[in-house]
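Reading through the structure tokens given below for one structure.
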Amino acid sequence: MIDKDLLDILACPACKGDVELKEKKLVCIECGRRYPLRDDIPVMLIDEAEVSEDTP
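Note that the numbering used here has the sequence shown beginning at 1, numbered continuously upward.
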């Protein structure tokens, strides 16, 4: 999976909020966008993010 040091420096490209690993996705704790992992590499592209209905 993702190294903790890498996880500590990653931020959501949309709102610059912190992200955490949940169910093999990086989830922004500010806006709720979920970024996929492909071969354990985070895909931190806004267009690739899953957005929930209550995400601003």
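By construction, the Cβ of each residue, glycine as well, lies at the ideal position given by its N, Cα and C atoms. Note that the coordinates shown come from a computational prediction; the quantities given were computed from them, not determined experimentally.
Between which two residues does the alpha helix (DSSP H) harbouring residue i extend?
{"i": "Leu6", "result": "Lys4 to Ile9"}
Alpha carbon to alpha carbon, how far is residue j from residue i? Give it in angstroms, no decimals.
{"i": "Arg57", "j": "Val51", "result": "No statement about residue 57 is possible, as the shown extent of the chain runs from 1 to 56 and does not include it."}
{"i": "Val43", "j": "Lys4", "result": "16 angstroms"}
{"i": "Ile29", "j": "Lys22", "result": "11 angstroms"}
{"i": "Asp18", "j": "Leu6", "result": "12 angstroms"}
{"i": "Ile41", "j": "Glu48", "result": "13 angstroms"}
{"i": "Lys16", "j": "Ile46", "result": "11 angstroms"}
Between which two residues does the beta strand (DSSP E) containing residue i stretch?
{"i": "Cys12", "result": "Note, Cys12: premise wrong, no beta strand (DSSP E); not H, not E."}
{"i": "Lys16", "result": "Premise fails: Lys16 is in no beta strand (DSSP E) and is neither H nor E."}
Using DSSP's beta-bridge definition, name the partner residues of residue i.
{"i": "Arg34", "result": "Val27 and Glu50"}
{"i": "Leu21", "result": "Leu26"}
Give me, in chain order, the residues of the same chain whose beta-carbon lies closer than 8 angstroms to that of residue i; leave out the 5 immediate sequence neighbours on both sides.
{"i": "Lys25", "result": "Arg34, Tyr35, Pro36, Leu37 and Glu50"}
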